[in-house]
Every structure is written in structure tokens, then in C-alpha cells.
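**Q**
Protein chains in written order, with the working numbering: chain A, 34 to 309; chain V, 34 to 309.
Below, the structure written as C-alpha cells:
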């Protein structure tokens with residue numbers, strides 16, 4: 034069995050980790066570093082042009098562990114909800130075009146002015162049902178990523194693996210979860226819910242929780258610099274049967290985004306081997 | 034049945050909401066505003082002197098809805114864990130002296146350098162068992178307050194009402210929970226777990242979740258200024274049988290702490306009536 038933490042062939046770089054780079058720079062930079070997998074955000078794919086992006090990625094033999102991100106479903110009116118679904122269908126097409134293994138979905142938070150989180154959760158569930166046939170037709174599985182509860186209001190009302198697993202079990206084929214250490218490490222049920230997710234784990238993201246954390250969104254840590262027992266979570270993911278990539282996703286405005294991206298990749302490689 | 038949101042006799046002010054005030058100023062300020070209940074933090078009780086504090090509080094006929102706070106149990110070595118227990122025993126004595134209805138407990142996070150959150154949770158459980166006989170003897174119930182998961186590393190590894198309820202059910206008489214809207218509002222199981230807590234609800238804290246939130250600890254909102262459906266949570270707490278006070282606890286370095294505390298109390302009274 035391949036060891037997720039020591040096989041560089043299973044390391045993937047999420048584009049937000051090296052935010053300054055275009056898709057071409059990401060592909061070429063990863064190739065230089067001996068990294069064979071990426072997970073781009075939609076903006077850099079669109080900036081590149083989807084066809085050209087697909088060609089670039091194929092040309093370098095890169096695996097695409099996911100496209101980040103669809104979702105953001107809840108909205109205050111029906112027209113906005115339809116617009117969100119349409120945008121997600123475009124995201125599915127983009128994911129298919131670049132051969133992404135999944136489309137990562139961030140549910141979305143409360144519609145502007147709303148305090149009805151149960152209602153937002155219902156909207157997410159309905160949107161997933163509406164989107165699933167398109168995802169199946171395009172053979173792009175939807176990876177529901179629960180976000181940390183501190184994002185419940187403004188980014189994602191799916192905040193636990195239990196919620197994501199429940200949605201997956203209801204949706205069936207074509208739906209899975211993205212397990213991100215930053216979002217799930219604190220959960221007393223993390224071990225049980227990772228086991229429950231089992232073959233539905235479509236993506237596995239690593240990073241760290243810094244103490245102190247100076248910004249809710251943009252102060253994630255490099256693996257090894259924070260409080261998360263990454264080895265323990267990797268063991269859970271492996272026990273659940275996951276054999277895919279380990280994707281580094283770090284949003285870090287004041288530290289990693291200010292550094293030379295080539296250096297960031299070197300640190301990712303080293304930490305992937307030593308602490309993940 | 035008294036309506037928790039409209040009866041000023043059931044409004045309590047947590048001292049951190051008006052951080053600039055000493056205990057004497059808090060007691061006198063609340064009396065001026067027609068507020069008959071407070072929940073002081075230990076520092077201002079100690080600054081006042083416990084006996085003098087008790088006399089002041091009695092003299093104004095104030096109800097003490099809780100003493101904030103004990104807990105902070107996990108530590109890297111046995112001596113530090115014993116020191117934490119000793120400090121909690123002093124907190125129980127202080128709570129008894131001022132006639133507090135409960136001692137609010139914040140569990141504590143990871144010991145310095147540790148990434149073992151399961152281990153920290155075991156330490157909390159063991160500390161609670163060790164402390165319970167003292168709490169029972171002093172007739173000061175322990176109110177376990179789950180903190181928002183964003184505090185799991187540095188403040189509290191008890192992060193859901195489910196965890197707190199489980200601890201209470203194991204501990205039995207003398208242990209209960211503090212339900213704070215800021216910490217529980219995002220939880221998909223909040224309704225179920227508030228119902229489960231039932232008569233174990235020893236304290237009910239209100240405030241709001243701001244969008245955006247600029248600081249993890251010190252940017253809580255005044256009721257009505259954020260994303261929490263406070264009425265819905267009050268209804269849950271009432272359905273669970275709670276008939277106690279509604280305690281305003283707001284940590285707000287850049288807004289409410291910079292204002293005249295008398296003005297803050299006026300806003301608390303108004304929002305308690307209109308949005309809680």
C-alpha cells in the first residue's frame with residue numbers, strides 16, 4: 034500500500050496555497066518541483082481559458098485532484114438560486130474539461146439579511162439534488178466540503194462531516210465529501226464520521242490550525258506549525274480506505290502568500306513527508 | 034409563565050460586557066438601570082475582596098446568575114493539573130460566598146505543545162469528576178460551557194452541547210450546562226441538544242455573531258446586530274424548561290468596550306426586549 038504521507042506522487046497543490054501564480058505558473062512550478070498533481074481554483078482556470086488550461090495540464094501529465102469550487106447555493110430569491118445553479122453547472126463543465134477528479138463544493142452561508150440557518154441548509158440540500166444529474170452526466174463527482182463552524186454565517190452552513198455524510202447518503206452515487214483537516218480537526222466525532230464517509234472521501238486537504246489565529250479566513254498554517262494532529266487524521270482517512278492524493282490548501286495572507294511560491298512548494302514537500 | 038425576553042427581572046449582565054467597571058460599579062450601575070442580576074468574572078470579585086463583594090451584592094439585592102469562570106483543566110504535567118483543580122476549588126468557594134447560582138466552567142484547550150485533543154478531553158472529564166464532590170458540598174453547581182469550535186486549541190476542548198450533555202449525564206447531580214448563543218448557534222444539533230439538556234441548563238447567555246467577525250475572541254456582537262436567530266434559541270431553551278435569567282455576555286474590544294457602560298446597559302435592556 035502506498036503511504037499517503039511519503040509518496041510525492043500523492044502530493045497535490047491547491048492553487049490558493051501559491052496564490053500569486055497563474056495556472057501556467059502553477060503547472061510549470063509543480064512540474065519543476067516534481068509534484069504531479071494540482072487542484073486549481075476556478076478563477077485561474079478561467080483566466081487561462083478552459084481549453085488552454087486543459088491542454089497545459091494534459092501536456093504536463095498533471096493529475097487534477099479537484100476543481101475549487103462550486104456551491105454557494107443559498108440566496109434570498111429564486112432567481113439568485115437559479116443563477117447559483119447555473120454557475121455550478123458551468124463549474125461542472127470546467128471540471129470535466131480539465132479532467133478534475135471532483136468538483137469541491139462549499140455550501141454557502143446565510144442569504145444576506147437572513148438568520149434562518151435551517152432554511153439555508155434546506156436550500157443547500159435542494160440545490161444538490163438539482164445539480165446531481167448534471168454531475169453524474171459529466172462524470173464529475175461533487176465533493177461536499179464541510180467548513181469550520183466559524184464560517185456558518187458567511188461561507189458554509191454545512192459545518193460537520195456528519196452533515197456532509199448525511200447529504201451523501203441521501204444523494205447516492207455522484208456525491209462525496211472533501212475532508213479538510215482545518216475544518217474537521219476539532220470535531221469530537223471526526224474519527225467516526227471519517228470512517229462513515231469511507232469510499233465517499235473524494236478529497237483530503239491538509240494544512241494546520243495556528244495558535245493564535247489572527248484572521249478567520251486568511252491565517253491558516255503550514256502543516257506542522259499548528260495544533261492539528263495530522264498523523265492521526267491521515268490514519269483515520271487511510272483506515273476509511275482513502276488512497277488518493279493529499280492536497281495542500283493554505284490561505285495565508287501574511288505569511289505564505291508573501292513568500293516565493295517555489296519556496297512554498299519546497300516547504301510543502303518537506304512537511305508532507307515529515308508531519309502529515 | 035414569565036417571558037424570558039420581556040421581563041427585566043430576568044435580565045442579567047455579565048461583567049465582561051462592561052469590562053471597564055469594577056464590581057462595585059457593576060452592582061451600582063445595574064441597580065441604577067433597574068437590572069437585578071449580574072454574573073461577575075473572578076478578577077473583579079477578587080479585586081473587590083470576596084467578603085466585601087458578597088456584602089455589596091447582598092446589599093443591593095442582586096441575584097448572581099453565575100461566577101465566570103473556572104475550568105482550564107488540561108495541563109502538561111500532574112502538578113499543573115493539581116494547581117488547576119486547587120484554583121477551581123477556590124472558585125467554588127468564591128461562588129458560594131457571593132451566592133452564585135453556578136460556577137461557569139470553560140474546559141481549557143490543548144496543553145502547551147500538545148496536539149492530543151482526545152487526551153485533553155479525557156483530562157477535562159477526570160478533572161470534573163475530581164471537582165464534583167467539592168461543588169456538591171458547597172452547593173455550587175458546575176455549569177459546563179461548550180465553547181465555539183474555533184476555541185478548541187487554546188480555550189476549550191468541549192465544543193458542542195452534545196459533549197457537555199454527555200459529561201453531565203455521566204457526572205449526575207451538581208453538573209449542568211451553560212448555553213451561550215455565540216457558541217452553539219451554528220450547531221445542526223442545537224435544538225436536539227438543548228432539549229436533551231433540559232433541567233441541566235444552569236445558565237443562558239446571549240450576544241450575537243457578527244458578519245464579518247474581525248477577531249476570534251473579542252469581536253462579539255450585541256443581540257440583534259448579527260446572524261443568530263436569538264428568538265429561535267430562546268424558544269428552544271424555554272421548551273427545555275429553563276425559567277432562569279438571560280445573561281448578556283459580550284466581549285467587544287473595538288465597539289462595546291469603548292462605550293460608556295451606562296449606555297451599554299441601556300442597549301442591553303432594549304435589545305433584550307426587542308430581539309432576544
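Note that the Cβ used here is the ideal one computed from N, Cα and C, for glycine as well.
Enumerate in chain order the residues of its own chain whose CB-to-CB distance from residue 299 of chain V is below 8 Å, with the five nearest sequence positions on each side excluded.
**A** 66
**Q** Out of V/198, V/277 and V/139, point me to the one whose CA is closest to residue 160 of chain V's CA.
**A** V/139
**Q** Where does residue 34 of chain A land, buried or exposed, given buried means 16+ other C-beta within 10 angstroms?
**A** Note that residue 34 of chain A scores a pLDDT of 49, beneath 50, so its modelled location is shaky and nothing firm can be said.
**Q** Mind reading off the beta-carbon distance from residue 235 of chain V to residue 273 of chain V? Whole number of angstroms is fine, and I expect it under 8 Å.
**A** Not confirmed; about 12 Å, so no contact.
**Q** Along the chain, which unbroken stretches of the alpha helix (DSSP H) at least 4 residues long are found entirely within the region 47–85 of chain V?
**A** 56–66 and 75–81
**Q** Are the C-beta of residue 187 of chain A and some C-beta of chain V separated by less than 9 Å?
**A** yes
**Q** So residue 244 of chain A contacts chain V; which residues on that side make the cut at Cβ distance below 9 Å?
**A** 142, 143, 186 and 187
**Q** Taking just the CA atoms, how far does residue 152 of chain A sit from residue 145 of chain A?
**A** 13 Å
**Q** Comparing the C-beta of residue 193 of chain V with each C-beta of chain A, is any distance below 9 Å?
**A** yes
**Q** Give the range of the alpha helix (DSSP H) segment to which residue 152 of chain V is assigned.
**A** 150–171
**Q** Please name the residue or residues paired with residue 239 of chain V in a DSSP beta bridge.
**A** V/281
**Q** Which bits of chain V does residue 182 of chain A rub up against, with CB to CB less than 8 Å?
**A** 181, 182, 183, 219 and 220
**Q** Quick one, are the C-beta atoms of residue 227 of chain V and residue 269 of chain V less than 9 Å apart?
**A** yes
**Q** Expressed to the nearest angstrom, what Euclidean distance is found between the alpha-carbon atoms of residue 200 of chain A and residue 90 of chain V?
**A** Cα to Cα, the separation comes out at about 52 Å.
**Q** Applying the 10 Å Cβ sphere with the 16-neighbour rule, what's the burial state of residue 280 of chain V?
**A** buried
**Q** If you reduce the DSSP assignment to three classes, tell me which class residue 100 of chain V lands in.
**A** In this structure, residue 100 of chain V counts as strand in the three-state DSSP scheme.
**Q** Just the C-alpha distance for residue 209 of chain A and residue 179 of chain A, rounded to the nearest angstrom, thanks.
**A** 11 Å
**Q** Which residues of chain A have a Cβ atom closer than 9 Å to the Cβ of residue 260 of chain V, listed in chain order?
**A** Simply 142, 143, 147, 148, 150, 185, 186 and 187.
**Q** Which whole runs of the beta strand (DSSP E) in the region 186–253 of chain A are 3 residues long or more, in chain order?
**A** 208–213 and 234–239
**Q** Note down, in chain order, every chain V residue with its Cβ under 7 Å from the Cβ of residue 196 of chain A.
**A** Result: 221.
**Q** If you run the structure through DSSP and keep just helix, strand and coil, what is residue 177 of chain A?
**A** In the three-state reduction of the DSSP assignment, residue 177 of chain A falls in the strand class, which pools E and B.
**Q** By the 10 Å Cβ neighbour count, where 16 or more other Cβ atoms means buried, how is residue 250 of chain A classified, buried or exposed?
**A** exposed
**Q** Are the C-beta of residue 267 of chain A and some C-beta of chain V separated by less than 9 Å?
**A** No, because no Cβ of chain V sits closer than 9 Å to the Cβ of residue 267 of chain A.
**Q** Is there a Cβ from chain A that is less than 9 Å from the Cβ of residue 249 of chain V?
**A** yes
**Q** With the cut-off set at 9 Å, would you say residue 100 of chain A and residue 124 of chain A are in Cβ contact?
**A** yes
**Q** Mind checking residue 73 of chain A: buried by the 16 CB within 10 Å criterion, or exposed?
**A** buried
**Q** For chain A, find out if any of its Cβ atoms is closer than 9 Å to the Cβ of residue 154 of chain V; answer yes or no.
**A** Yes, because at least one Cβ of chain A sits closer than 9 Å to the Cβ of residue 154 of chain V.
**Q** Just to confirm my understanding: we take residue 286 of chain V, look at its own chain, exclude 5 residues before and 5 after, and list those with CB closer than 8 Å. What are they?
**A** Same-chain partners within the cutoff: 248, 251 and 252.
**Q** My understanding is that residue 43 of chain V touches residue 278 of chain V, with C-beta atoms under 8 Å, so please give their C-beta distance in whole angstroms.
**A** 5 Å
**Q** Determine whether the Cβ of residue 274 of chain A lies closer than 9 Å to any Cβ atom of chain D.
**A** The question asks about chain D, but that chain is absent: this structure's protein chains are A and V.
**Q** Below 8 Å, how does it come out for the region 286–295 of chain A and the region 54–62 of chain V: are there three or more Cβ pairs, yes or no?
**A** No, the region 286–295 of chain A does not touch the region 54–62 of chain V.
**Q** Identify whether residue 309 of chain A lies in helix, strand or coil by the three-state DSSP scheme.
**A** It is coil, neither helix nor strand.
**Q** If you draw a straight line from the alpha carbon of residue 49 of chain V to that of residue 217 of chain V, how long is it in whole angstroms?
**A** For residue 49 of chain V and residue 217 of chain V, the gap between their C-alpha atoms comes out near 19 Å.
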